[in-house]
Every structure is written in C-alpha cells, then in structure tokens.
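Residue numbers for the sequence shown follow this note's numbering, beginning at 204 and rising by one. Note that CB positions come from ideal geometry on N, CA and C, so glycine has one too.
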Amino acid sequence: TDEERADFIVEQNYQKGYIIEETDEVIEAWGQTAEELLASLKSAKQAENTTKAKQAVENGHVAFKDAEFETNAQTVGDLTATMLLMQAGGVESYLWLSKDDQAVALTVEDFGTLGGLIADYKSTIWQEKYITYKAQIEQAQTVDAVNAIDLDYN
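Shown next as structure tokens:
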C-alpha cells in the first residue's frame with residue numbers, strides 16, 4: 204500500500220540512510236547502516252595506515268656521517284652482509300654510497316651504528332606512529348572522526 208511504501212522509505216532512507224530503488228514490481232533499500240559504514244571506513248583507514256607505514260620504511264632515510272642512508276630491506280641486507288664480510292676478511296674500511304650518491308668510508312663499527320639508526324627509525328614507524336594511528340582509528344566513534352585522522356609518516 205502507499206502507507207507501507209511511505210513507512211518503508213522513512214525507515215530505510217531517512218532513518219538508516221539507505222538508497223531506495225523502485226521499479227513497477229519492487230521497492231528495495233540499498234546501502235549500509237551508519238555502523239556498517241563506520242566499520243567499513245575504519246577498515247579502509249587501517250589498510251591505508253599499514254600501507255603508509257610500509258612505504259615510510261621502504262622510502263625512508265637516516266642521517267649519518269653527513270650523508271643520508273636508505274632504510275629499505277635491500278639496504279639493511281646489504282649493510283649486514285658487507286659488515287660480516289669485512290669482519291671475516293679483516294677489512295678496515297669500505298666505501299659505501301649514500302642515498303644521494305656520496306662515497307662514505309665506513310668501518311665495521313660504523314656499519315653497526317648505521318644499522319642501529321635504521322632499526323631506531325623502523326621502531327619509531329611501527330612502535331610509535333603506526334600503533335598510535337591504529338588506536339586512533341579503533342577508538343573513532345564517527346565517520347568524521349575517522350576522516351579527521353591524518354596519517355602523516357613524514
């Protein structure tokens with residue numbers, strides 16, 4: 204009836220925010236409840252948080268000996284392998300190219316220090332920034348609150 208149709212539209216569209224689609228044969232409500240929308244948005248924001256944290260680690264850099272060094276997994280692996288080879292071969296110093304292609308002489312101790320700086324950088328990303336943003340997203344109670352979270356990994 205017209206009254207049932209109006210009640211359906213009020214409940215589904217005005218109260219729940221669903222989109223109403225109507226044909227000659229059927230009237231349907233499509234969409235998400237406010238709770239479903241919030242959960243969906245939180246899930247997308249968490250995925251964005253993870254992606255941005257990974258990108259920060261892969262594209263990051265640390266300063267050491269007046270040069271910048273990359274923090275990505277390839278660099279860490281290369282640093283570790285070079286340091287071990289230096290130790291095994293008794294090599295005193297090795298020229299390493301920095302992020303901006305400066306040749307920097309590094310000792311075994313320098314490689315250890317640089318590795319520590321990279322580990323600290325990664326820890327800051329994952330243990331401080333990522334966890335803080337994750338908690339903010341989980342605690343957000345509204346769509347606006349989730350949208351207001353600025354995932355800044357710079």
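Residue i at chain D interface by Cβ criterion, 8 Å
i    : result
Y333 : Among the chains of the structure shown, chain D does not appear; only one protein chain is present.
Which of helix, strand or coil DSSP assigns to residue i
i    : result
V311 : helix
I223 : strand
E238 : helix
I230 : strand
A266 : strand
Y356 : coil
Q344 : coil
T254 : helix
A209 : helix
A247 : helix
Whole-number beta carbon distance between residue j and residue i, since they are thought to touch under 8 Å
i    : j    : result
L317 : L282 : 6 Å
K245 : A322 : That pair is no contact at about 30 Å.
A256 : I328 : 5 Å
D303 : E271 : 6 Å
Buried versus exposed, by CB contacts within 10 Å (16 or more), residue i
i    : result
I340 : buried
T236 : exposed
G292 : exposed
L309 : buried
G234 : exposed
N252 : buried
G263 : buried
T335 : exposed
Cross-strand partners of residue i (DSSP beta bridge)
i    : result
F272 : V265
Inset, instruction - Run through the stretch 278-336 for me and flag every whole alpha helix (DSSP H) of 4 or more residues, listed as ranges in chain order. - result: Segments of the alpha helix (DSSP H) lying fully in the stretch 278-336: 311-326.
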